[in-house]
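This report concerns only the one structure given below.
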Amino acid sequence: MSKAAAVVLCMDVGFAMSNSLPGEESPFELAKKVMTMFVQRQVFAESKDEIALVLFGTDGTKNALAGEDQYQNITVHRHLMLPDFDLLEDIESKIQPGSRQADFLDALVVCMDVIQRETVGKKFEKKHIEVFTDLSSPFSKDQLDIIIHNLKKSSISLQFFLPFPIGKEDGTGDRGDGNLGSDHHGLDFPLKGITEQQKEGIRMVKKVMMSLEGEEGLDEIYSFSESLRRLCVFKKIERRSIPWACQLTIGSNLSIKIVAYKSIVQEKVKKSWTVVDARTVKKEDVQKETVYCLNDDDETEVPKEETIQGYRYGSDIIPFSKVDEEQMKYKSEGKCFSVLGFCRSSQVHRRYFMGNQVLKVFAARDDKAAAVALSSLIHALDELDMVAVVRYVYDRRANPQVGVAFPCIKDTYECLVYVQLPFMEDLRQYKLSPLKNNKKCTPTEAQLSAVGALIDSMSLVKKDEEENTIEDLFPTTKIPNPEFQRLFQCLLHKALHPQEPLPPIQQHILNMLDPPTEVTTKCQVPLSKIKTLFPLTEAIKKKDQVTAQDIFSDNGFQLLVTLWTAEQNPVQSFCTILSTSGSLSGSAPWLFTRFSWLVFLEVDGQFLLFSLS
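No gaps in the numbering here: position 466 of the sequence shown is 466 in full-length UniProt numbering, and each next residue is one more.
Rendered as structure tokens:
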């Protein structure tokens, strides 16, 4: 079954959604922001989820269930399909507030109908409806039990997004404004400005969610403000884990069937740039043509088939044909994961780790013999504190690598973790003079203690000795790449506003790599000690440096041009000029002429003698 989901966005566009307090954004605008952020995350994540858009409270009616008095003012704006920039543009500019109201439960039925009709013949892992409303519209609960029954029967999950936060009790509460990972229900407080109709709507929403998922269903009711905080980061691009099947061999007699998965891979920006016509923005309007020419006066054209590659080695070019290139390539027998030997884990330093990926190696699925053998190897390595040095070849076209396989034992699984090791050419050796030999740089005990205190205060790991827990204050694996975030922000803006300049970097992107507040607070005292123990003094120049401008100015270096005809002794004449004051600008042409004569004059093979004299 496909892991894609069928998602229907159901938005209230009734006239009440446009109401807001002075200086605040209306629920209509906030709902559009949340939907835009959700859709743009799906677009840039290259998600396979299909999204439909249903509006209720519209002036017109357009849905398959509409009758004379049923399901009115509900419009299916977009059917299930992959999200794209057209959908983002529709949300941005085409969705406008309506002048009517509609029953949100009727809109829910229309969304269910869209899913039932448009998922026929398709396989989705999940079916989902997201409702954006302020609950100001009247509703009828006559069909509530049927709606809940059909939601359960069709395995359709549901989420509500409201302008206000609600708690687990009678329509009150807040999800909090702290970190997204914290408990979002927070302390209860009475909501202000809520009408009786909205209170009735809150009770109805809670009843629906409790009927579907029990107490946990209330966790699927979000406020617009909370949703904006959660969605402010673009979703990462989805990647499928493709197993790499191979044989782990130890010697010539022991072989274990394994599968490896990429655990860590450096994600790179997808270079989808292409050249288009600036006016029509169409790729077809630009024709490319490559011509090879000789470097001669006529620029003689050379057919491509008469050219070969050349390897530049210094000033020489060594011709290298495709045949040579194929013969040069390393020929292997195919996939390989062969243990070359074992060593202590302490002998493999972290600074030797290289490559752009980390593999996790498991036993082949449904192979009990392989599972027992690999488990024995993993536990033996762990108990002996040793690692395996491995020869790794991805396939017959790839060059071999040498890497190290560490044992990894978790509560839920165990595996080998493979990391590539460097060859001799990959290492960079530098000879640097040690600081200990320089007495001027020898720190005092107080200075060493102050630096140690600063390092301790900047620790990004928080230990709780009583509960024996460790908290990561700066979890890099949960921080999105700011480069991707900025790129997606700019692409989205340019797609929706092609004529406008790019927006500034969003503040939350700038804050991503800031140190945690707890760390910056703790290091203030050690920093003040550092400033005291390592005072900075202004360096005074001992001696003014003489620049070339001073030396070669008319005042600093003057030459007197003398009519000189004694070419028999040019060296002596040149010394005479140096000892005589004069103008540099006037003597420069004469000096150039004499110097040329001096260098290029050759008399009976005495050219070198004149120059050296």
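Glycine included, each C-beta is placed from N, C-alpha and C at the ideal position.
Query, Result
"Compare the Cα-Cα distances from arginine 117 to each of Val76, Gly14, Gln159 and Ser252 and report the closest residue.", "Val76"
"How many whole angstroms separate the CB atoms of isoleucine 479 and methionine 512, which I take to be in contact at a CB cut-off of 8 Å?", "6 Å"
"Where does glycine 171 fall in DSSP's three states?", "At glycine 171 the pLDDT is 42, less than 50, meaning the model places this residue with poor confidence; the figure from the coordinates comes in the next sentence. Glycine 171 falls in the coil class under three-state DSSP."
"Reducing DSSP to helix, strand and coil, say where residue 614 ends up.", "Nothing can be reported for residue 614: it is not among the residues displayed for the chain, which extend from 1 to 613."
"Ignore the nearest five residues each way along the sequence and tell me which others in aspartate 395's own chain have a CB closer than 7 Å to its CB.", "Gly334 and Lys335"
"Can you tell which of Ala245, Cys293 and Glu467 has its C-alpha closest to the C-alpha of tyrosine 392?", "Ala245"
"Under a Cβ-count criterion, where at least 16 other Cβ atoms within 10 Å of its own Cβ denotes burial, should lysine 127 be classed as buried or exposed?", "buried"
"Classify methionine 354 as helix, strand or coil using the three-state DSSP reduction.", "strand"
"Going by Cα to Cα distance, which pick from Pro498, Gly214, Gln447 and Asn73 is closest to glycine 98?", "Asn73"
"Quick check: what's the CA-CA separation for residue 617 versus alanine 102?", "Residue numbering for the chain in the displayed model covers 1 to 613; residue 617 lies beyond these limits and cannot be assessed."
"Could you tell me whether the Cβ atoms of tyrosine 292 and lysine 304 are closer together than 9 Å?", "yes"
"Spell out the partners DSSP gives phenylalanine 132 in its beta bridges.", "Met11 and Phe161"
"Got a sec, what are the start and stop residues for the alpha helix (DSSP H) aspartate 324 sits in?", "322–328"
"Applying the 10 Å Cβ sphere with the 16-neighbour rule, what's the burial state of threonine 517?", "exposed"
"Methionine 204 and isoleucine 221 - do their beta-carbons sit closer together than 9 Å?", "no"
"Can the beta-carbon of phenylalanine 139 be found closer than 9 Å to that of leucine 496?", "no"
"May I ask you to verify whether the region 317–324 touches the region 372–379, counting CB pairs closer than 8 Å and requiring at least 3?", "no"
"Ignore the nearest five residues each way along the sequence and tell me which others in leucine 180's own chain have a CB closer than 7 Å to its CB.", "No answer about leucine 180 holds up, because its pLDDT of 31 lies below 50 and its placement is not dependable."
"Let me check one thing: in DSSP terms, what residues is isoleucine 470 bridge-paired to?", "Lys463"
"Pull up the distance between the alpha-carbon of leucine 212 and that of isoleucine 148, whole angstroms please.", "7 Å"
"Tell whether a beta-carbon distance below 9 Å holds between valine 269 and leucine 487.", "yes"
"State the beta-bridge partners of serine 255 as determined by DSSP.", "Thr249"
"Suppose only complete runs of 4+ residues qualify. What are the alpha helix (DSSP H) ranges in the region 18–92, listed by chain order?", "27–44 and 85–89"
"Hey, out of Met112, Val120 and Ile166, whose CA is closest to lysine 153's CA?", "Met112"
"In chain order, what residues of the same chain have a beta carbon less than 6 Å from the beta carbon of lysine 283, not counting five sequence neighbours either side?", "Thr274 and Val276"
"By the three-class DSSP mapping on this structure, what secondary structure does proline 319 have?", "strand"
"In three-state terms, what does DSSP make of proline 526?", "helix"
"Can you find a CB in chain D that lies within less than 9 Å of the CB of tyrosine 71?", "Going by chain labels, chain D is absent from the structure shown, which holds only one protein chain."
"Distance, Cα to Cα, valine 525 vs glutamate 467?", "28 Å"
"On the CB-based measure, 16 or more other CB atoms within 10 Å of its CB, does isoleucine 256 come out buried or exposed?", "buried"
"Does alanine 6 come out as helix, strand or coil in the three-state DSSP assignment?", "strand"
"With H, G and I counted as helix, E and B as strand and the rest as coil, what does DSSP make of methionine 424?", "helix"
"Could you check what DSSP says for phenylalanine 139 in three-state terms: helix, strand or coil?", "coil"
"Anyone know if the C-beta pair for serine 136 and glutamine 70 falls short of 9 Å?", "no"
"Let me check understanding here. Comparing Cα to Cα, which of Lys48, Val13 and Pro422 lies closest to proline 400?", "Pro422"
"Quick one: measure Cβ to Cβ for leucine 359 and alanine 446, integer angstroms, because I've assumed they're closer than 8 Å.", "About 48 Å; that fails the 8 Å criterion."
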